[in-house]
Amino acid sequence: MTLHYSLPILTLSLLVGCAAPKPKLAVDLGPFPDFQLEELQDAEDGEFIAHYPNGQVKQHSWVRGDCLDKKLDTYYENGKPKTSIPISNCKANGVVKGYYPNGNLQYELSVVNGIPHGSFRQYHDSDSNLLSMRAQLKNGAFDGIVEELDDYGDAVKRGAVIDGTIVPFTHTNQ
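Residues in the sequence shown are numbered consecutively from 110, following the working numbering.
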């Protein structure tokens, strides 16, 4: 899943690119992959756990039919959480959470039927773990106000995305 790798690039293009006159937003966040997996066809229904060679849990989910069900939790090799994805009907549904290797929350992303839609929040990888960005998503793309926040939680940049077009409106001076 490459979704969270696209977010820093999108953030950079959105916030740094604000100086250009109304650039079009080219990065799309959705949809999430379908959790109907060919390798699960022979798996029995029930709890599914995969491990790293060191014995730590790598993935934890449930199998129903030939797809993952309920939730998919993935972990770093150090045992800390990596992602938590609620699943229903073989699709991501609910608030997806990603974590930094140290266990700090990296992002929260609302997903409906496999498509990012609703609230998006990204967090600083610091002791305070405060918000670094907040935005709204509509059908897999940013839509509406996007705010970047500093290490203290104060807004430093604001812009908007309207129909895929970036509309800058302030760089705040605190």
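Every residue gets a Cβ at the ideal spot worked out from N, C-alpha and C, and that includes glycine.
query: Distance, Asn-213 Cα to Asn-187 Cα; result: 13 angstroms
query: Contacts around Pro-130, its chain only, beta-carbon distance under 6 angstroms, and the 5 residues preceding and following it disregarded; result: In this prediction, Pro-130 has a pLDDT of 38, which is less than 50 and means its spatial position is unreliable; nothing more can be read from the coordinates.
query: Any beta strand (DSSP E) of 3 or more consecutive residues that is wholly inside the region 143-212; result: 155-160, 166-173, 176-184, 190-197 and 203-208
query: Proximity of Asp-182 and Ser-170 at Cβ, strictly below 9 angstroms; result: yes
query: Straight-line gap, Lys-266 to Glu-257 (C-alpha atoms, nearest Å); result: 5 angstroms
query: Member of Asp-151, Tyr-209, Leu-246 and Leu-239 whose CA lies at the smallest distance from the CA of Ile-224; result: Leu-246
query: Opposing strand residues paired with Ser-228 [DSSP bridges]; result: Gln-245
query: Opposing strand residues paired with Tyr-261 [DSSP bridges]; result: For Tyr-261, which the question treats as bridged, DSSP gives no partner whatsoever.
query: Within 9 angstroms, strictly: CB atoms of Gly-203 and Gln-215; result: no
query: Buried or exposed (CB count within 10 angstroms, at least 16 for buried), Gly-268; result: buried
query: Nearest-angstrom Cα separation, counted from Tyr-184 out to Tyr-161; result: 9 angstroms
query: Contacting residues, own chain, Cβ-Cβ under 6 angstroms from Val-172 (five flanking each side not counted); result: Leu-149, Ala-152, Asp-154 and Phe-157
query: Ser-235 beta carbon less than 9 angstroms from that of Glu-217; result: no
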